[in-house]
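Peer 1:
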Amino acid sequence: MMDRRQFIRAGSAASAASVLGLTAGCASTGAGAGGKVVVVGGGYGGATAAKYIRMWSEGRVEVTLVEPEAAFVSCPISNLVLGGSKQIADITTSYDNLAKRHGVKIVRDRVSAIDADKRQVRLASGGTLAYDRLVVSPGVDFMWDQLPGMTRPGAQDQVLHAWKAGAQTVALRKQLEAMPDGGVYALAIPLAPYRCPPGPYERACQVASYFKKAKPKSKVLVLDANEDVTSKGPLFKKAWADRYKGIVEYRGGHKLVDVDVATKTLKFDFNDDIKAQVLNVVPPMRAGDVVHNAGLTTANKRWCEVDWLTMESIAAKNVHILGDSLQIAPGMPKSGHMANQHGKVAAAAIVALLSGRQPNPLPIYNNTCYSFVSDTDVVHVASVHRYDAEKKTIVPVPNSGGVSTAASELEGRYAMAWARNIWADALA
Ligand SMILES: Cc1cc2nc3c(=O)[nH]c(=O)nc-3n(C[C@H](O)[C@H](O)[C@H](O)COP(=O)(O)OP(=O)(O)OC[C@H]3O[C@@H](n4cnc5c(N)ncnc54)[C@H](O)[C@@H]3O)c2cc1C
């Protein structure tokens, strides 16, 4: 008999297969599949691809995952660490099961260069790894040159982004704890596209929820480069008005152009300077350095374009790029859920290509993004996307998905179940 864990694992693999338009069993007919895959980055995209290539090739394809961090730390749910209802340990998962259960070789290192002609990557510690196919899911890196004050020595240790979960999440929570009651926390949001459209607004709710309980005279000032809230706008605005009246103030059209770290001042293109006790700057971002430096950011030197059937770069053969580094298709968010879907499409395509089969011609992707407006109540947005052979891109499926009508505790339970399931799907 299957235990609960096996059942969930079997269920998620089966649902992944159906998402990809594969009949059960078909995804794992890796007959003849063999070869070497190197995966760069063990986040939402890379960890999923590594595990599914091993599973769907029935262990025939050798997979090496290169990741500098000791464990996976999730950005989804990390805003709750700032709010105080979760700890960093709650959002951290070991890579051990990828190695022990799935035979992924884990190399704790950073890839410093990609040589697509020689089909090898260079490691920061020296040495190279050869591949037949390369998967790269490095997430985002920041365009600090757009905020000159942030390039000064020590600036980035004082003014935090906490837009990569981990040490900065813990450090920002400490800054919030140390702030006297009556202080102002100012959150600067860059122009879209950026990682996780609703993430900053969820963060405003989480910090406000902490202030409401612990320092009710304090304020959350949201300074958005976009004219208006970019995701779930009416739901976030309702939460600010109903739950955090007098605490959250939202100002659109505030494009940050510099930060004076010494005086804790934010400088904007048209608006007056703003000083606050805690500054939280989410900088403009682009694809991760490793793909940028390899010349794979073909869209505005910022994002990577791929063939959506295989996730293969349009600029480098045998190099598959996933996740936030991508130039998004219409209506596609930069989310962990979507990066997980990219990982499965790439895994299925790579196993097919290495076995001399055609990749699935009609991949279907879905996305659900939950946002906690308090420590228990949640709203969601969901969508389904599919390949359009004429346009050669992924398009939203009409009338699919939707948005919550109101925040609820029930959705809060769904949101935590989503998180546990996606962590298990990628890493268990
Ligand atoms: C506050 C916040 C809240 C969010 N909430 C949600 C949510 O509720 N739902 C949702 O779906 N998404 C959410 N997201 C978005 C989600 O975190 C990202 O979309 C997702 O992490 C993208 O996956 P990825 O694989 O592209 O990058 P990541 O998950 O960031 O993984 C990149 C990995 O690559 C590694 N790496 C980078 N460069 C190299 C290199 N040169 N060599 C080796 N390894 C390297 C990094 O160490 C990292 O582990 C949130 C994001 C934030 C910041």
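So for the sequence shown, our numbering puts the first residue at -12; every next one is plus one.
Idealized CB from N, CA, C, for every residue including glycine.
Quick caveat, the model's predicted, so the values are computed rather than measured.
1) Mind checking which residues open and close the beta strand (DSSP E) that includes residue 62?
2) Give a single yes or no on whether residue 125 has its beta carbon closer than 8 Å to a heavy atom of ligand 1.
3) With distances taken from CA atoms, which of 358, 333, 360, 354 is nearest residue 347?
4) Unbroken alpha helix (DSSP H) runs of length 4 or more, entirely within the region 117 to 190: which are they?
5) Pick from 184, 164, 338, 272: whose alpha carbon is nearest that of residue 369?
6) Rounded to the nearest angstrom, what separates residue 416 and residue 151 at their Cα positions?
7) Have a look at the DSSP bridge pairing and note the partners of residue 279.
8) Under the three-state reduction of DSSP, which class applies to residue 241: helix, strand or coil?
9) Among 112, 114, 284, 194, which residue has its Cα nearest to the Cα of residue 149?
10) Among the residues of its own chain, which have a CB less than 6 Å from the CB of residue 281, if the five just before and after it don't count?
11) Looking at the structure shown, is residue 198 part of a helix, part of a strand, or coil, going by DSSP?
12) Report the CB separation of residue 81 from residue 406 in whole angstroms; it is logged as a contact under 8 Å.
13) State the beta-bridge partners of residue 354 as determined by DSSP.
14) Just to confirm the assignment: which complete alpha helix (DSSP H) runs, minimum length 4, are found wholly within the region 19 to 96?
15) Given this structure, state the Cα-to-Cα distance separating residue 256 from residue 241, to the nearest angstrom.
16) Could you tell me whether any non-hydrogen atom of ligand 1 is closer than 8 Å to the CB of residue 242?
17) At a cut-off of 8 Å, would you count residue 307 as near ligand 1, judging by its Cβ distance to the nearest heavy atom?
18) Suppose the cutoff is 8 Å on Cβ atoms and the five residues either side in sequence are ignored; what does the same chain contact list for residue 59 look like?
19) By a C-beta neighbour count over all protein chains shown, 10 Å radius and 16 as the cutoff for buried, is residue 161 buried or exposed?
20) Kindly indicate the opening and closing residues of the beta strand (DSSP E) around residue 109.
21) Compare the C-beta of residue 113 against all C-beta atoms of chain C and say whether one is closer than 9 Å.
22) Would you say the beta carbon of residue 357 is closer than 8 Å to some non-hydrogen atom of ligand 2?
23) Assuming residue 27 contacts residue 53 under a Cβ cut-off of 8 Å, what Cβ separation, rounded to an integer in Å, is found between them?
Peer 2: This is what the structure gives:
1) Within the sequence shown, the letter at position 75 stands for residue 62. Careful: residue 62 lies outside any beta strand (DSSP E) and carries neither H nor E.
2) Locating residue 125 in the sequence shown gives position 138, counting from the first residue. Because some heavy atom of ligand 1 lies under 8 Å away, the Cβ of residue 125 counts as near it: yes.
3) On the sequence shown, position 360 is the one that residue 347 refers to. With distances taken between Cα atoms, residue 347 lies closest to 333.
4) 142 to 145, 154 to 165
5) In the sequence shown, counting from the first residue as 1, residue 369 sits at position 382. The candidate whose alpha carbon is nearest that of residue 369 is 184.
6) Residue numbering for the chain in the displayed model covers -12 to 415; residue 416 lies beyond these limits and cannot be assessed.
7) By one-based count along the sequence shown, residue 279 stands at place 292. Answer is none; residue 279 lacks a bridge partner.
8) As a first step, residue 241 must be located in the sequence shown, where it is residue number 254. The answer is coil: DSSP assigns residue 241 none of H, G, I, E or B.
9) Looking up residue 149 in the sequence shown gives position 162. If we check each option's Cα against that of residue 149, 194 comes out closest.
10) Taking the sequence shown and counting its residues from 1, the one referred to as residue 281 is at position 294. Excluding positions up to five away in sequence, the list reads 101.
11) If you number the sequence shown from 1, residue 198 lands on position 211. Three-state result, residue 198: helix.
12) Along the sequence shown, one-based indexing puts residue 81 at 94. Along the sequence shown, one-based indexing puts residue 406 at 419. Rounded to whole angstroms, the Cβ separation of residue 81 and residue 406 is 16 Å, and the two are not in contact under 8 Å.
13) If you number the sequence shown from 1, residue 354 lands on position 367. In the DSSP output, where bridge partners are listed per residue, residue 354 has 370.
14) 31 to 43, 65 to 70, 83 to 87
15) Here residue 256 corresponds to residue number 269 of the sequence shown, with the count starting at 1. Here residue 241 corresponds to residue number 254 of the sequence shown, with the count starting at 1. Spanning the two alpha carbons is a distance of roughly 7 Å.
16) Mapped onto the sequence shown, residue 242 falls at position 255. No; taking the cut-off as 8 Å, the Cβ of residue 242 has no heavy atom of ligand 1 nearer than that.
17) One-based indexing of the sequence shown puts residue 307 at position 320. Every heavy atom of ligand 1 is 8 Å or more from the Cβ of residue 307, so no.
18) As a working mapping, residue 59 is identified with position 72 in the sequence shown. Contacts found: 29, 30, 34, 79, 80, 81, 82, 410, 413, 414.
19) On the sequence shown, residue 161 is found 174 positions in, with the first residue counted as 1. Exposed, since its Cβ has fewer than 16 Cβ neighbours within 10 Å.
20) Here residue 109 corresponds to residue number 122 of the sequence shown, with the count starting at 1. Start and end: 107 to 110.
21) Absence of chain C from the displayed structure is noted, only one protein chain being present.
22) No copy of ligand 2 appears in this structure; the ligands present are ligand 1.
23) For the purposes of this step, residue 27 is taken as the residue at position 40 of the sequence shown. For the purposes of this step, residue 53 is taken as the residue at position 66 of the sequence shown. That pair is a contact at about 5 Å.
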